[in-house]
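Numbering of the sequence shown is given in the working numbering, commencing with residue 6 and proceeding in unit increments. From the three backbone atoms N, C-alpha and C, an ideal C-beta is built for every residue, glycine too. What follows is a short report on a single structure.
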Amino acid sequence: MQSPKIMVMGVGNILLSDEGLGVRFLDELAKNTLPDNVELLEGGTAGLELVHLIQDVDFLIIIDALNANAEPGSLFRFQPGDLQVIPEQYEVSFHQIGIVEVITMANVLGHAPQTLIFGIQPKSLEWGLEISPEIEALFPRLSELIIKEIDSIQHEGKFASP
6 MQSPKIMVMG
16 VGNILLSDEG
26 LGVRFLDELA
36 KNTLPDNVEL
46 LEGGTAGLEL
56 VHLIQDVDFL
66 IIIDALNANA
76 EPGSLFRFQP
86 GDLQVIPEQY
96 EVSFHQIGIV
106 EVITMANVLG
116 HAPQTLIFGI
126 QPKSLEWGLE
136 ISPEIEALFP
146 RLSELIIKEI
156 DSIQHEGKFA
166 SP
């Protein structure tokens, strides 16, 4: 049996402090030994250009800033289908073209991977290259969660139960 292709994508604008947390988090995750079938991708603020990069992926795990009007550092785990139940005041992404639109377009074009999103409420969206210490302190725990998801995919063929 061939191992499923897994992509972990960090998205966000690294010029706006915590908005870039998804991209910055990949450096933390890369410190771990990951299976050969796992690819890390800096999605940055790319929009629909990402569609062709995810079409041959079986499982996609996305890390992004999420504006849920929650306490900075609050962590959310959801799948795109869960978005119908998220209240309107939550913004799933700060980007022009959200990752959900990218997944929808991949589906229209024939294949969208099974997708899981980890969103983190940022503390600061000011100009700057640094992540807030409170947000960066979450990275080791987030790494554990991502590794757990990868392990579940490898052994059970699906995301871990919430």
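Please state whether DSSP places residue i in a helix, a strand or coil.
i: Asn18; result: coil
i: Ile136; result: coil
i: Gly27; result: helix
i: Ile41; result: Residue 41 is actually Asp in this sequence, not Ile. DSSP places Asp41 in coil when its eight states are reduced to three.
i: Val107; result: helix
i: Leu130; result: coil
i: Glu47; result: strand
i: Leu121; result: strand
i: Leu65; result: strand
i: Pro92; result: Confidence is the limiting factor: at Pro92 the pLDDT is only 49, short of 50, which leaves the residue's position unreliable and the question unanswerable from this model.
Would you report the Cα separation of residue i and residue j, rounded to the nearest angstrom?
i: Asn18; j: His160; result: 34 Å
i: Ser8; j: Asp23; result: 34 Å
i: Asn42; j: Val62; result: 10 Å
i: Val16; j: Glu44; result: 14 Å
i: Glu149; j: Gly133; result: 27 Å
i: Ser166; j: Glu33; result: 24 Å
i: Leu31; j: Leu46; result: 8 Å
i: Met110; j: Thr120; result: 13 Å
i: Lys163; j: Pro40; result: 16 Å
Compute the distance between the beta-carbons of residue i and residue j, then report whether it is under 9 Å.
i: Gly78; j: Ala35; result: no
i: Phe64; j: Ile122; result: no
i: Leu26; j: Ile151; result: no
i: Phe83; j: Gly124; result: yes
i: Ile155; j: Ile108; result: no
i: Ile68; j: Leu130; result: no
i: Asn72; j: Pro138; result: no
i: Val113; j: Ile66; result: no
Let's see if you can read the secondary structure: which residues bound the alpha helix (DSSP H) around residue i?
i: Leu150; result: Phe144 to Glu161
i: Leu58; result: Val56 to Ile59
Can you tell me where the beta strand (DSSP E) holding residue i begins and where it ends?
i: Leu114; result: Taken as a continuous stretch (DSSP letters only), Leu114 belongs to no beta strand (DSSP E), as it is neither H nor E.
i: Gln7; result: No beta strand (DSSP E) holds Gln7; DSSP gives it neither H nor E.
i: Phe164; result: Unbroken run through Phe164: none, as it is neither H nor E.
i: Leu80; result: Leu80 to Phe83
Return yes when at least one heavy atom of the ligand GDP lies under 8 Å from the C-beta of residue i, else no.
i: Lys10; result: For the structure depicted, the ligand GDP is absent and the ligand set is empty, with no information on it obtainable.
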